[in-house]
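Engineer:
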Amino acid sequence: MVVADAGGRDEDAALALYRELRRDGGRSAEQLRAAAGLDEARAAAGWHWLERLGLVRARDGGPAKPVEPHAAILGAMEAYQSAAAEHERSTREMQRVLESLMTVYEPVVTQDDAVGVAVRFLGGDAHKKQMMIDLNESMRVSCDSLHPGPMPPMEILHSSLDRDRAMLARGVRVRSIYPRSCLHTPKYLRYLQDMAAMGAEVRLIDHAPYDLLLFDRHTALLAADPDDPGQSLAVVVGTVLVKSYIALFEDFWLRAVKLDAPQPAAVGAHPEVTAQERAVIRLMAEGLSDDQIARKLSVHRRTVQRAIAKLMERLDADSRFEAGLKLAADAEFAALLTSP
Numbered sequence: 004m005v006v007a008d009a010g011g012r013d014e015d016a017a018l019a020l021y022r023e024l025r026r027d028g029g030r031s032a033e034q035l036r037a038a039a040g041l042d043e044a045r046a047a048a049g050w051h052w053l054e055r056l057g058l059v060r061a062r063d064g065g066p067a068k069p070v071e072p073h074a075a076i077l078g079a080m081e082a083y084q085s086a087a088a089e090h091e092r093s094t095r096e097m098q099r100v101l102e103s104l105m106t107v108y109e110p111v112v113t114q115d116d117a118v119g120v121a122v123r124f125l126g127g128d129a130h131k132k133q134m135m136i137d138l139n140e141s142m143r144v145s146c147d148s149l150h151p152g153p154m155p156p157m158e159i160l161h162s163s164l165d166r167d168r169a170m171l172a173r174g175v176r177v178r179s180i181y182p183r184s185c186l187h188t189p190k191y192l193r194y195l196q197d198m199a200a201m202g203a204e205v206r207l208i209d210h211a212p213y214d215l216l217l218f219d220r221h222t223a224l225l226a227a228d229p230d231d232p233g234q235s236l237a238v239v240v241g242t243v244l245v246k247s248y249i250a251l252f253e254d255f256w257l258r259a260v261k262l263d264a265p266q267p268a269a270v271g272a273h274p275e276v277t278a279q280e281r282a283v284i285r286l287m288a289e290g291l292s293d294d295q296i297a298r299k300l301s302v303h304r305r306t307v308q309r310a311i312a313k314l315m316e317r318l319d320a321d322s323r324f325e326a327g328l329k330l331a332a333d334a335e336f337a338a339l340l341t342s343p
């Protein structure tokens, strides 16, 4: 028994029906099926295949008429040529669409997203100094700076005051964050007071991760290696990249205290703990070495060692490790780690 294949094709059934149709086309489909000796399923598959081949034609619901093979061949070729022409048209249209998307729109969007975005690295004191001068002279809106220390020589600070004065005269908003330890050094305190007197906004914080300068909220200047800030500088241009640095500065600005604000009082039963010692305790709890703490706070290493020695004495600890354990167990001292 021959059955239709997966595509509904039954060549033997189709051929039997076609021969009966050519022999006497006036019979009904049921009569043709019976004459061909086919069951209903095979007859349906046969009729379906004859229609696909174009060998049968039904007009106005009347009986089916046979189509000669040569006429069906011509019809199949015409259909193929029409389909091929449509495929070629679709292919050309797809090529035009892809070409437009890939060569016009994609490059433009990429360029728009990256417009004005650039990262440069500067080495050498002369190049870094000239870049600072150029950026300061070009500012028109704002200059925000974060300085964790150590503080530079006074001649550099005096030059910075002159540049800040010129910016303020142009209407530029100047905001600066400095380490709280500057309050304990008269020359640095005077520098900060001079800045504030000119109209700059100055705030203090215990410690910060690295130097950061923001120019017109469009350009960021920072050390390429925070652990070695004296080497190359990274200049980041473009709001797409600078947004993260702006958010970082704004976070520190909110947590910093104004220069003329009262300094934080000592905690509870430990009135002798100063703001500087509080910062040392925090950084020590984070696992920083004496040298790292000194650099963070812009103080001498001996200052850090004295603060740690005082802490160990107050906690009656024989080692930094023991001091850390007792610090964690002492609720009053532990409050120093989270107090502003």
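For the sequence shown, the working numbering assigns the number 4 to the initial residue and increments by one for each residue that follows. Where is the CB? At the ideal position from N, CA and C, for every residue including glycine. Just so it is clear, the structure is predicted and the values come from calculations on it, not from any experiment.
1) Please confirm whether V245 and H221 have their CB atoms less than 8 angstroms apart.
2) Let me check understanding here. Comparing Cα to Cα, which of H73, E253, S179 and L217 lies closest to L164?
3) Residues in the same chain with beta-carbon distance under 6 angstroms from E280, minus the five sequence neighbours each way, listed in chain order, please.
4) Roughly how many whole angstroms lie between the Cα atoms of M201 and L171?
5) Could you tell me whether the region 154–168 touches the region 176–194, where touching means 3 or more Cβ pairs closer than 8 angstroms?
6) Take the Cβ of M198 as the centre, count every other Cβ of all protein chains shown within 10 Å, and call the residue buried at 16 or more, exposed below.
7) For a minimum of 3 consecutive residues, which ranges assigned as the beta strand (DSSP E) are wholly contained in the region 11–93?
8) If we ignore side chains and look at the alpha-carbon of each, how far apart do H130 and A282 end up?
9) What residue range does the alpha helix (DSSP H) around R305 cover?
10) When we look at the beta-carbon of Y83 and count the other beta-carbons within 10 Å, is it buried (16 or more) or exposed?
11) Contact between the region 38–56 and the region 92–106 is defined here as three or more beta-carbon pairs at a separation below 8 angstroms; is this criterion met?
12) Using the C-alpha atoms, what's the distance from A74 back to G40?
13) Consult DSSP for L217 and reduce its assignment to one of helix, strand or coil.
14) Could you check the C-alpha separation between A223 and G290 for me, to the nearest Å?
15) So who's on the other strand from L236, going by DSSP bridges?
Structural biologist: Quick answer:
1) Taking 8 angstroms as the Cβ cut-off, V245 and H221 qualify as a contacting pair.
2) Minimum Cα distance to L164 is reached at S179.
3) If the five residues before and after E280 are omitted, its C-beta is found closer than 6 angstroms to the C-beta atoms of A310, all from its own chain and listed in chain order.
4) Put simply, the backbone Cα of M201 is about 8 angstroms away from that of L171.
5) Yes, the region 154–168 touches the region 176–194.
6) Residue environment: M198 is assigned as buried (16 or more neighbouring CB atoms within 10 Å of its CB, all protein chains considered).
7) Counting whole runs of 3 or more residues, the region 11–93 contains the beta strand (DSSP E) stretches 59–61 and 67–69.
8) Approximately 35 angstroms, taken between the alpha carbons.
9) Looking at the DSSP string, the run of the alpha helix (DSSP H) that includes R305 is R304 to L318.
10) With fewer than 16 other beta carbons inside 10 angstroms of its own, Y83 counts as exposed.
11) No contact exists between the region 38–56 and the region 92–106.
12) Using only the alpha carbons, I get a separation of about 27 angstroms.
13) L217: strand per DSSP, three-state reduction.
14) So the two alpha carbons sit approximately 29 angstroms from each other.
15) Note: L236 sits in a beta bridge opposite L125 and A226.
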